[in-house]
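Peer 1:
In full-length UniProt numbering, the protein residues as written are 1 to 259.
1) What's the gap between the Cα of residue 230 and the Cα of residue 101?
2) Fully enclosed by the segment 119–194, which alpha helix (DSSP H) runs are 4 residues long or longer?
3) Contact criterion: CB-CB distance below 9 Å. Does residue 177 meet it with respect to chain C?
4) Tell me whether residue 77 is buried or exposed, calling it buried when 16 or more other Cβ atoms sit within 10 Å of its Cβ.
5) Please tell me whether residue 190 and residue 163 are closer than 9 Å, where the distance is taken between their beta carbons.
6) Residues in its own chain within less than 6 Å of residue 109 by CB, not counting five upstream and five downstream?
7) Where do the N-terminal and C-terminal ends of the alpha helix (DSSP H) with residue 109 fall, by residue?
8) So which of 155, 257, 184, 239 has the shortest CA-CA distance to residue 218?
9) I need the boundaries of the alpha helix (DSSP H) containing residue 249, first residue and last residue.
10) Assuming residue 260 contacts residue 149 (C-beta within less than 8 Å), just tell me the rounded distance between them.
11) Would DSSP call residue 77 helix, strand or coil?
12) To which residues of the same chain is residue 158 closer than 8 Å at the C-beta, ignoring the five residues directly before and after it?
13) Report the three-state DSSP secondary structure of residue 239 (helix, strand or coil).
14) Let's see if you can read the secondary structure: which residues bound the alpha helix (DSSP H) around residue 222?
15) Put residue 207 into one of helix, strand or coil per three-state DSSP.
Shown next as structure tokens:
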């Protein structure tokens, strides 16, 4: 009987020992699993994951795989003048490929608005582009030579030219006044502006007298009369206006010469 009890005690002890070993193994396995999960979690932290724009920041921006928004953001904030100038000089896609053409013109807006794009390139875009979004962006450029190029671009909308006739720089205003898209109201105001130079006033003084002119004769005459009364108009211009076929214009010029 004692032998059986001793045997039972030994089996119980062996069982408890096995259970303890199994428990220890389970704890170790759980710890290993937790460590593995933690390692995987750390490897997948957002700060370490590839994010849009990471390639651009590391100098390895992949244009071919970038979305339109990613590419726009990249060009808008690039400090690489060589890259920006090169992008601006690319030929535009065939307009028949509407998606590619739309993408290219949208990205040119980003280039135009980036002041790391060279002034020469921004002037060229302002002079040659016909897309309103790009011209509007360039019309706000801090460099007046860029704004003057926009002012002279005959692809401008008349409201954009009109805004540039109010530019703080006289030569920008003069470029806008010479643009055929300028409204008669803006021409009238320019003809009255004593800061406008003699050459631009002479240009305005010829409004309505050109061969083949088909605009409103009355408005053209009003512009010429305003030039005749402008103290900045040259004597040569005023003398020519004194011979104008419209009495209101010629009388104004004669009064000016008599002063």
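Idealized CB from N, CA, C, for every residue including glycine. Nothing here was measured: the structure is a model prediction, and the numbers come from that model.
Peer 2: Let me spell this out:
1) 47 Å
2) Counting whole runs of 4 or more residues, the segment 119–194 contains the alpha helix (DSSP H) stretches 119–128, 132–139, 144–152, 158–164, 170–177, 184–192.
3) Here chain C cannot be found, since the structure has a single protein chain.
4) exposed
5) Contact flag unset, no.
6) Here the set comprises 133, 134, 137.
7) 98–112
8) 184
9) 247–258
10) For residue 260 there is no data in the structure shown, the boundaries of the chain being 1 and 259.
11) helix
12) 181, 182, 183
13) Correct three-state label for residue 239: helix.
14) 217–229
15) coil
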